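Asker:
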Amino acid sequence: MNFNLTEDQLAYRETARAFAEKAMAPHAAEWDAEHIFPVDVIREGGKLGFCGLYLPEALGGLGLSRLDTSIIIEEMSAVCPSTTAFFTIHNMAAWMIASFGSEALRQQYVTRMATGEWLGSYCLTEPGAGSDAASLRTRAERDGDHYVLNGGKAFISGAGSTQVLVVMARTGAVDSGAKGVSAFVLPADTPGIHYGKLEDKMGWHSQPTRQVMFENVRVPADHRLGEEGEGFRFAMKGLDGGRINIASCSLGGAHGALLRARDYLHERQQFGRPLADFQALQFKLADMTTKLTASRQMVRLAAFKLDNGDPEASAHCAMAKQFATDACFEVCNEALQIHGGYGYIRDYPLERYVRDLRVHQILEGTNEIMRLIIARRLLEPGVAEAIR
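The letter at position 132 of the sequence shown is residue 180 when you use the working numbering, and the numbering goes up by one with no holes.
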C-alpha cells in the first residue's frame, strides 16, 4: 500500500496549480463579487483537458482515473471552489453521455464537451423532488420517433449558459419510482425550453443557477441514454463520481484556507507576539490540519474503490462526501475565525471559501442522505466486514 503520489499525479497537480494561479487566482474575487461565469477561462482549461478529465481518450478526453481527477480538482479548488465545481458538474454530464449514450451521441456531443466547446448541465433535481429524487415528475411521453418533455428542474448549475442538457424524466407510470425514470441528452436551445431567473445564492457566484422548464419539448428517441427505465441508475452512477468530485472541491477550499491561516498566524501580532506563539491557536491549526488530512485520505480511498469497481464503492463515496464536506467546511470556518474581523471582509478570501463550501454539504445528495446510504448498506449482511 503506497500513499505517495506517482510522478504522473505530481505532474497533473502541478499543471492544475499553474493553471489555477495564472487563469483563476487573479479574477476569483471579481467573479464572485460580480457574478461572472468565466466561460473563456473554462474553455482555456478545456485545452488542458480539464473539461474531459475522465472521458475516454478516443473521444478527446484525458482518460484519467477518479483518483487522478480528485488530485487535479483539489488543486484548482484551492484557488476558486465555485468555478472548479462547475468543471466537475460538466465532467459528470459528459461522462454520462460517454458511458451510456450511443456511438452517434458520443461523437456528436462528447467530443465537443471534452474540449469545452460545448458545456453541459446535469438536470435531476426538481422543485418537489430533491432528496427524494426518484419521485421526479418531469414527464417524457413517447410520440413516434420522438419523446415530448414537460415539467421543470430546479437548482441547475450552468442553466441558461450551457449548450447541452442531460435530463432525467419519467417514462413510466406516475408511481413507478426509480424504475420509471429515463435519461436524455438534448441541446440546451431546443424549442420549448425556458430558463428561470438567476438564483441569488449565498455562494457559488461564478456559475449561474436557474430553473429549467420544459414545455412540449420534442427530443429524438435516439437521444435517450440506454433503455427506458435505466435513467435513475445512470444518474446514481454519475453521482458516485460526483460525490468524490465535490468532496475534492472541499479539500481544495480547505487547503487554501489552511495555508492562509498559517501565514496569518506568522504575520499578525497581538500582545507583542506573533499569533503563532499562542498555544490555543497552535492547537486550532493542528485540528484543522488533522481534519483536512483525514478527509483527503477518505476521498482518495473512495476514488480508488470506484476506479477498481469495488462492490462497496458507493458506500465509500457517500462516507467520503459526508465526512470531507463537513470537516472541510469546519476548517474554512476556523480559518475565518483565526483572521478575526479581517476574515469577515471581502479583502480576504476566507468568507468566500466559507460561502462556497457550505453548499457542498447539500448538493450531490445532502449529508443526511449520505448517512442513510451508509447506514442502509451497513445493515446488509457482511458489509461491515467488507468495508473495514
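The C-beta atom is built at its ideal place from N, Cα and C for all residues, glycine as well. All values reported here derive from a predicted model rather than from experimental measurement.
(1) Using the rule of at least 16 other Cβ atoms within 10 Å of the residue's Cβ for burial, across every protein chain shown, is K369 buried or exposed?
(2) In or out: Q327 buried (at least 16 other Cβ within 10 Å) or exposed?
(3) On the criterion of 16 or more Cβ atoms from any shown chain inside 10 Å, does D270 qualify as buried, or is it exposed?
(4) Of all the options L299, I386, L313, which has the alpha carbon lying nearest to the alpha carbon of P322?
(5) Using beta-carbon positions only, say whether A231 and G192 come within less than 8 Å of one another.
(6) Unbroken alpha helix (DSSP H) runs of length 4 or more, entirely within the segment 310-366: which are they?
(7) Pull up the distance between the alpha-carbon of T341 and that of A188, whole angstroms please.
(8) Flag this pair as yes or no: are the beta carbons of I204 and V260 separated by less than 8 Å?
(9) Can you give me the Cβ contacts of G286 inside the same chain, cut-off strictly under 6 Å, excluding the 5 residues immediately before and after it?
(10) Buried or exposed for G430, going by 16 or more other Cβ atoms inside 10 Å?
(11) Could you have a look at E174 and say whether DSSP puts it in helix, strand or coil?
(12) Output the boundary residues of the alpha helix (DSSP H) element that contains M161.
(13) Taking just the CA atoms, how far does G290 sit from Q409?
(14) Quick one: residues in its chain with C-beta nearer than 6 Å to the C-beta of H253, no 5 flanking neighbours on either side, listed in chain order?
(15) For the putative contact between G304 and Y401, defined by C-beta atoms under 8 Å, what is the C-beta separation to the nearest angstrom?
(16) Quick check: what's the CA-CA separation for L101 versus R154?
(17) Do you know how far the Cα of L306 is from the Cα of C376?
(18) If we ignore side chains and look at the alpha-carbon of each, how far apart do F439 and P359 end up?
(19) In whole angstroms, give me the CA-to-CA distance for D56 and Q156.
(20) On the three-state DSSP scale, how would you describe L58?
(21) Give a yes or no on contact between the segment 379-399 and the segment 349-364, applying the rule of three or more CB pairs nearer than 8 Å.
(22) For a test of the three-state rule: what should DSSP assign to F51, helix, strand or coil?
(23) Rounded to the nearest angstrom, how far is the Cβ of P86 from that of C297, given a contact under 8 Å?
(24) Buried or exposed: where does H437 fall if 16 or more other Cβ atoms within 10 Å of its Cβ makes it buried?
(25) Buried or exposed: L420, going by 16 or more other Cβ atoms within 10 Å of its Cβ?
(26) For N52, count neighbouring Cβ atoms within 10 angstroms of its own Cβ and tell me buried if that reaches 16, exposed if not.
Answerer: On the basis of the supplied data:
(1) K369 comes out buried.
(2) Q327 is exposed by the Cβ-count criterion.
(3) When all chains shown are included, D270 counts as exposed.
(4) Closest option to P322, judged by alpha-carbon separation, among L299, I386, L313: L313.
(5) Judged by their CB atoms, A231 and G192 are not nearer to each other than the 8 Å cut-off.
(6) Qualifying alpha helix (DSSP H) stretches, in chain order: 327-355.
(7) Straight-line measurement puts the Cα of A188 at about 45 Å from the Cα of T341.
(8) Yes, the Cβ-Cβ distance between I204 and V260 is below 8 Å.
(9) If the five residues before and after G286 are omitted, its C-beta is found closer than 6 Å to the C-beta atoms of M140, M144, all from its own chain and listed in chain order.
(10) Residue burial is scored here from C-beta neighbours: G430 has fewer than 16 other C-beta atoms within 10 angstroms and is therefore classed as exposed.
(11) Three-state DSSP puts E174 in a strand.
(12) Residues 159-163.
(13) Spanning the two alpha carbons is a distance of roughly 13 Å.
(14) Same-chain partners within the cutoff: D80, H83.
(15) About 6 Å; that satisfies the 8 Å criterion.
(16) If you take the alpha carbons of L101 and R154, they lie about 16 Å apart.
(17) Going from the Cα of C376 to the Cα of L306 covers about 10 Å.
(18) As shown, the chain starts at 49 and ends at 436. That puts residue 439 outside it, with no answer to give.
(19) Per the coordinates, the alpha-carbon of D56 lies some 31 Å from the alpha-carbon of Q156.
(20) In this structure, L58 counts as helix in the three-state DSSP scheme.
(21) Contact between the segment 379-399 and the segment 349-364 is absent: fewer than three C-beta pairs spanning the two stretches fall below 8 Å.
(22) Of the three classes helix, strand and coil, the one that applies to F51 here is coil, per DSSP.
(23) Incorrect: roughly 16 Å between the Cβ atoms, too far for contact.
(24) Outside the shown range of the chain (49 to 436) lies residue 437, about which nothing can therefore be said.
(25) Answer is exposed; the Cβ neighbour count stays below 16.
(26) Classification of N52: exposed, given that the 10 Å Cβ count is below 16.
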